[in-house]
Each structure stands twice: as C-alpha cells, then as structure tokens.
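Novice:
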Amino acid sequence: MKKLLLTALLCLTAAVNAQDITGDWFGLLSIPGTKLHINLHIKKADKGYTATMDSPDQGANGLPVTTITIENNTLDFSIPAGGISYKGTVEGKSIKGTFTQNGYNIPLDFGREAPKAEAVKRPQEPVKPYPYYEEEVTIKNDKAGLTLAGTLTLPKQGGSNYPAVILITGSGAQNRDEELLDHKPFLVLADYLTRQGIAVLRYDDRGTGKSTGKFANATTQDFATDAEAAFKYLKTRKEINPKKIGLAGHSEGGIVAPIVAVNNPDVDFIVLLAGTAIPGDELMVLQNYMIGKANGMPETELTKLSAINRNIYNLIKEEENIAVLKTRLQAAFNKDLKPILVANGIPEHQVSSYIEMQVSDITSPWYVNFIRYNPAPTLEKVKCPVLAINGSKDVQVSAKANLDAIKRVAEKSGNKKITTVELEGLNHLFQTSTTGAPTEYGEIEETFAPAALKTVGDWIQQQVK
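Each residue of the sequence shown is one higher than the one before, counting from 117 in my numbering.
1. Is residue 336 near residue 294, with beta carbons less than 8 Å apart?
2. For residue 505, tell me which candidate among 488, 544 and 480 has the shortest Cα-Cα distance.
3. Once the 5 residues before and after residue 221 are set aside, which same chain residues still bring their CB inside 6 Å of it?
4. Using the C-alpha atoms, what's the distance from residue 188 back to residue 138?
5. For residue 541 and residue 565, I'd like the C-alpha separation in whole angstroms.
6. Going by DSSP, what residue range makes up the alpha helix (DSSP H) through residue 318?
7. Answer with buried or exposed for residue 499, where buried requires no fewer than 16 other C-beta atoms within 10 angstroms of its C-beta.
8. To which residues of the same chain is residue 371 closer than 6 Å at the C-beta, ignoring the five residues directly before and after it?
9. Helix or strand or just coil, what does DSSP make of residue 360?
10. DSSP on residue 574, reduced to helix/strand/coil?
11. What are the boundary residues of the alpha helix (DSSP H) that residue 493 is part of?
12. Can you tell me whether residue 327 is buried or exposed, with buried defined as 16 or more other CB within 10 angstroms of its CB?
13. Using only the alpha-carbon positions, how far apart do residue 296 and residue 431 sit?
14. By the 10 Å Cβ neighbour count, where 16 or more other Cβ atoms means buried, how is residue 568 classified, buried or exposed?
15. Using CA atoms only, rank isn't needed, just tell me which of 526, 419 and 535 is closest to residue 406.
16. Is it true that the CB of residue 226 sits closer than 8 Å to the CB of residue 141?
17. Taking the continuous alpha helix (DSSP H) assigned at residue 102, which residues delimit it?
18. I need the straight-line Cα distance from residue 462 to residue 239, nearest angstrom please.
19. Quickly, what does DSSP pair residue 193 with across the bridge? List them, please.
20. Where residue 242 and residue 308 are concerned, what is the direct C-alpha to C-alpha distance, given to the nearest angstrom?
21. Taking DSSP as the reference, what is the three-state secondary structure of residue 147?
22. Taking all protein chains shown into account, do 16 or more other C-beta atoms lie within 10 angstroms of the C-beta of residue 581, making it buried, or fewer, making it exposed?
23. Check for me: the alpha helix (DSSP H) holding residue 467 runs from which residue to which?
24. Which stretch, first to last residue, makes up the alpha helix (DSSP H) that contains residue 349?
25. What three-state label does DSSP hand residue 545 in the structure shown?
26. Using the Cβ count rule (16 or more neighbours within 10 Å means buried), how would you classify residue 130?
27. Can you give me the Cβ contacts of residue 577 inside the same chain, cut-off strictly under 7 Å, excluding the 5 residues immediately before and after it?
28. Does DSSP put residue 268 in a helix, a strand or coil?
29. Measure the alpha-carbon distance for residue 275 versus residue 251 and round it to whole angstroms.
30. Helix, strand or coil, according to DSSP, for residue 520 in the structure here?
31. Secondary structure at residue 456, three-state DSSP: helix, strand or coil?
32. Have a look at 479, 550, 398 and 347 and flag the residue whose alpha-carbon is nearest the alpha-carbon of residue 378.
33. Look at the Cβ atom of residue 257, then the Cβ atom of residue 481, and state whether they are nearer than 8 Å.
34. Are the CB atoms of residue 537 and residue 571 nearer to each other than 8 Å?
35. Mark residue 254 as exposed unless 16 or more other C-beta atoms lie within 10 angstroms of its C-beta, in which case mark it buried.
36. Whether or not the stretch 550-557 and the stretch 523-537 are in contact is what I'm after, with contact meaning three or more pairs of Cβ atoms, one per stretch, closer than 8 Å; do they touch?
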C-alpha cells in the first residue's frame, strides 16, 4: 500500500479574498483503509498568500503548497508534483471541499480545530503483561555493515531447548510487528506461537524503526542477508535448540525464506505466508488485474492496463542500462497510458507528474530486481519441510496461481515435505474479508484469522517434535 505522495515545489500565490483565511486549518482525509490528518497553514504574502501542508500521520510536515488562491470565498490550492489539488468553499470557521490526487476525488473539510479520529479496534492485539518472556535484542549483519533491532520472545525466561521461528516481513519498509493500518500481524503471530511454546524472533527492517542501514536501495537478496544474520544470531542463544530453527516469511518474506534456507541447510523448516513461486513480472500483472477487479474496474480497462503493464515489465526485463530504461519507459507511458488518463479527465500536467513518479519508482533497484527474479528455481533447491498457505481472497498473491506453482516445484524437486493450504475467505493479510481488496485491510477489526494462526502453529509443532 502506497501512502499519499505529499511533496511539492516552491510557493507561488495570487488571490482576492473576501474572508480572512490566514492561520491554521485542520482536516481528516478518509482514504480506503484509514484516515489521515491533513493540516493547512496559510500566511498573507505581498501578493496573495503562501501555504504549507502537513500530513502528520505520514511524518510529512511543512510541505510547501505550489499555488493557492481565494476568490469569491472559493479556496483553491495545488501541488502538481504530487498530482494534488483542492477546491473548497470558505464558510466562516470551516472550509468544505474536495481533495483530488491523480484524478481521485475525496471529500475533505477543514476547520479551525484539529478533528479527533475514532480509536480503531484491534481486539487480537495482546496486552501486557504477557505470560512469557520478552527481550529487546540487536543483530549484527556484518556482510551489510548494519545492525538490526528486534524482539525475542521466549515461553519462559531462563528456559532451554526451545524451538524457534524467525518472522520475515513483506515488501516495503516495515517494523518488527509488520505494522500496517493500525494492524500488527507479526505481534499477534509472535504472541500466539510463543504461548504455544515456540520462541519467536522478529526485527525491524534495515533503515526502519531502530535498525540501522539504508532500506531504499536494498533488494530481496539484501533482505535475505538480514534474515540470515537473524538465523545465525538465534543459533548463539543458549535458550534455543539450534537444530529446530525455522523461518516464516510473509509475501516478499516468502521469497526471502527459501534463499536463506538454501544458503543454510540447517534451517529446520520454512513457512510461506502468501509467498510466491511465479516470476515477479507475472505476479505483478496478476496482482494489478485482481486488485483492479476487486475495486470494480471494468473488464475492458483491466485488459488495457494489463497489456500496458506487460509491456512495461518486458522493458524492465530486457533493458540493462537504467538510463536508457528510464527513457524507454517514459516513452511507453506517454504512448499508452497518458491518453487513457487524459481521456478520463485528469489534467495533463498531473499526468506528466504521475508518469515521472512511476518511472522513478519502477526503476529502483528493488523493483527492477523483483520484476526480473523468478523464485521457483530457489524453492526447488529447498530440502527442509515447507508450509505454503494463502487466503482464497488474496488479490495481491493469488492463492490458485501461487499454490499451483508451489505444487509444481514440489513435483519437480522431489521434496515430499511441501504442504500447501488454501484458507477460505482470507485476504493477503490473512484477515476474514469480503472482497480481499486492500481497501478493506484497515476497516477489518481482525488482524490475523484464528484459522490461519492455528494452521501455522499446528504445522510448526509437528516439525519440531
């Protein structure tokens, strides 16, 4: 899930004002799955006004608004670099209007007092004191020259010979709880497993939380060195049985786990939580299609966008020179995507800004590597027991496509210890869902379906007997 992009250029303003709009304004933007506080700070200038915007929930403060005007009590401001615009009517101490980003309109009202968001309900989140031991730990990744910060939970302090599992997060910079939209799936999973007598190690991604290093330019293979460092660390702990240490990776973490297992044959087991065994480009084409369909996009548009995506991913796979790749991608987007967006009423300058951001995103080291990487050959080399589970309503990693691919891997590799399970009604986060669309993630109170927790816990218990 990408956050709203709130970046901007220098301020340029002009206005005629019937009301005093200077000062601080506060709004609450309801986007699919969550709500974001948006603050607007307006100052009088020699000609008109200047303004800055905050999105404190995203850690973005003092973002300069590019243009702002007030005429006939109608306030307009825009941030073209982010594809953002706003138009509202000033009514005394309130502004009622619409926030737009890249053609997507969201109602947004501002007032003079900060609104209070309703407290979200997460009934599965454990409350201290826990009936087990919890310890803050640091893990050295000498290969990458960084230190990972994490949490180790043990069934009892001072115990010994515990089986253990290391939790590996999915794509994007995430903390040790894999926190997303006020959900903490790894906290819930770690709590469940530790109560079952299994030690659990989870850690902040590099460059995230208390971990050092840089996340931005890291690839899946780099994250594998972090997980490997965590594995080697656990083997030094006297409370842990060094022969009973496994890995559980969610989403991209399910690609990382087999890499670590192949490089470290003493990994006892791995769990793929919505992991994948199809090439990155195929996964992304399918993911974009399924998310669009879940969100109600017409089949004709889905077909067009799938064709555009396939062309884009083919360019990434065939062009090695990144500078040339950027030029070719820009041309491809301008030819195939730009006419569609403009025809749907998105201003051309916003389309151009959007395309530039897309080209920048998909030529990052992580994205290029992900599109080019096929996880199947690595999974074929895994010799230890493997549990692969998916939710039937997962639109990010299709249960059918990926579990079928994992079954083919099992047949080809001869590893008879690969188990696949499709859990009915669960989404990519293993929540009980209606459509499986990412827009539901934050709205669902459940963090990790009990059926999924039990499936993982029971299977691990069988492996570590």
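Ideal placement from N, C-alpha and C gives every residue a C-beta, glycine not left out.
Specialist: Per the coordinate set shown:
1. What you label residue 336 is simply residue 220 of the sequence shown in a count that begins at 1. What you label residue 294 is simply residue 178 of the sequence shown in a count that begins at 1. The Cβ-Cβ distance between residue 336 and residue 294 does not fall below 8 Å.
2. Indexing the sequence shown from 1 puts residue 505 at position 389. Its Cα nearest to that of residue 505, the residue 544 stands out among 488, 544 and 480.
3. Here residue 221 refers to the residue found at position 105 of the sequence shown. 214.
4. Position 22 of the sequence shown, counting from 1, holds the residue named residue 138. Position 72 of the sequence shown, counting from 1, holds the residue named residue 188. Here the alpha carbons of residue 188 and residue 138 stand approximately 16 Å from one another.
5. Sequence index remark: in the sequence shown, residue 541 carries index 425 (1-based). Sequence index remark: in the sequence shown, residue 565 carries index 449 (1-based). Answer to the nearest angstrom: the Cα atoms are 10 Å apart.
6. In the sequence shown, counting from the first residue as 1, residue 318 sits at position 202. Residue 318 -> not in any alpha helix (DSSP H); beta strand (DSSP E) instead, spanning 315-319.
7. Indexing the sequence shown from 1 puts residue 499 at position 383. Residue 499 comes out exposed.
8. As a first step, residue 371 is located in the sequence shown; it is residue number 255 there, counting from the start. The answer, listed in chain order, is 336 and 491.
9. The residue given as residue 360 occupies position 244 in the sequence shown. In this structure, residue 360 counts as strand in the three-state DSSP scheme.
10. Locating residue 574 in the sequence shown gives position 458, where the first residue counts as 1. Residue 574 falls in the helix class under three-state DSSP.
11. Locating residue 493 in the sequence shown gives position 377, counting from the first residue. 492-496 is the span of the alpha helix (DSSP H), which, as asked, contains residue 493.
12. Here residue 327 is taken as the residue at index 211 of the sequence shown, counted from 1. Buried, since its Cβ has 16 or more Cβ neighbours within 10 Å.
13. If you number the sequence shown from 1, residue 296 lands on position 180. If you number the sequence shown from 1, residue 431 lands on position 315. A direct Cα-to-Cα measurement between residue 296 and residue 431 gives close to 32 Å.
14. In the sequence shown, the residue the question calls residue 568 occupies position 452. Note on residue 568: 16 or more other CB atoms within 10 angstroms of its CB, so buried under the neighbour-count rule.
15. Position 290 of the sequence shown, counted from the first residue, corresponds to residue 406. Of all alpha-carbon atoms in 526, 419 and 535, the one lying nearest the alpha-carbon of residue 406 is that of 419.
16. Locating residue 141 in the sequence shown gives position 25, counting from the first residue. Locating residue 226 in the sequence shown gives position 110, counting from the first residue. Yes, Cβ-Cβ distance for residue 141 and residue 226 is below 8 Å.
17. Summary: the structure shown does not reach residue 102, with the chain confined to residues 117 through 581, and so no result is reported for it.
18. The residue given as residue 462 occupies position 346 in the sequence shown. The residue given as residue 239 occupies position 123 in the sequence shown. Roughly 41 Å separates the two Cα atoms.
19. Taking the first residue of the sequence shown as position 1, residue 193 is located at position 77. Answer is 184 and 202.
20. Position 126 of the sequence shown, counted from the first residue, corresponds to residue 242. Position 192 of the sequence shown, counted from the first residue, corresponds to residue 308. In this model, residue 242 and residue 308 are separated by some 9 Å (Cα to Cα).
21. For the purposes of this step, residue 147 is taken as residue 31 along the sequence shown, with counting starting at 1. DSSP, read as helix, strand or coil, puts residue 147 in strand.
22. Here residue 581 refers to the residue found at position 465 when the sequence shown is read from its first residue. Exposed, by the Cβ-count rule.
23. Taking the sequence shown and counting its residues from 1, the one referred to as residue 467 is at position 351. Per DSSP, residue 467 is one residue of the alpha helix (DSSP H) stretching across 464-478.
24. Numbered from 1 along the sequence shown, position 233 holds the residue referred to as residue 349. Residue 349 -> alpha helix (DSSP H) spans 336-350.
25. By 1-based counting over the sequence shown, the position of residue 545 is 429. In the displayed model, residue 545 falls within coil according to three-state DSSP, outside both helix and strand.
26. Locating residue 130 in the sequence shown gives position 14, where the first residue counts as 1. Unreliable positioning characterises residue 130 in this predicted model, as indicated by a pLDDT of 33, which lies under 50. A coordinate reading is not provided.
27. On the sequence shown, residue 577 is found 461 positions in, with the first residue counted as 1. Contacts found: 312.
28. Counted from its first residue, the sequence shown places residue 268 at position 152. Looking at residue 268 - three-state DSSP - the assignment turns out to be strand.
29. As a first step, residue 275 is located in the sequence shown; it is residue number 159 there, counting from the start. As a first step, residue 251 is located in the sequence shown; it is residue number 135 there, counting from the start. Whole-angstrom Cα-Cα distance: 13 Å.
30. Within the sequence shown, residue 520 is the residue found at index 404, counting from 1. Helix at residue 520.
31. In the sequence shown, the residue the question calls residue 456 occupies position 340. It is helical.
32. As a first step, residue 378 must be located in the sequence shown, where it is residue number 262. Out of 479, 550, 398 and 347, 347 has the C-alpha closest to the C-alpha of residue 378.
33. In the sequence shown, counting from the first residue as 1, residue 257 sits at position 141. In the sequence shown, counting from the first residue as 1, residue 481 sits at position 365. Result no, Cβ atoms of residue 257 and residue 481 do not sit closer than 8 Å.
34. Sequence index remark: in the sequence shown, residue 537 carries index 421 (1-based). Sequence index remark: in the sequence shown, residue 571 carries index 455 (1-based). Taking a C-beta distance under 8 Å as the contact criterion, residue 537 and residue 571 qualify as a contact pair.
35. Here residue 254 refers to the residue found at position 138 when the sequence shown is read from its first residue. Burial call: exposed.
36. Under the three-pair Cβ rule at 8 Å, the stretch 523-537 does not count as touching the stretch 550-557.
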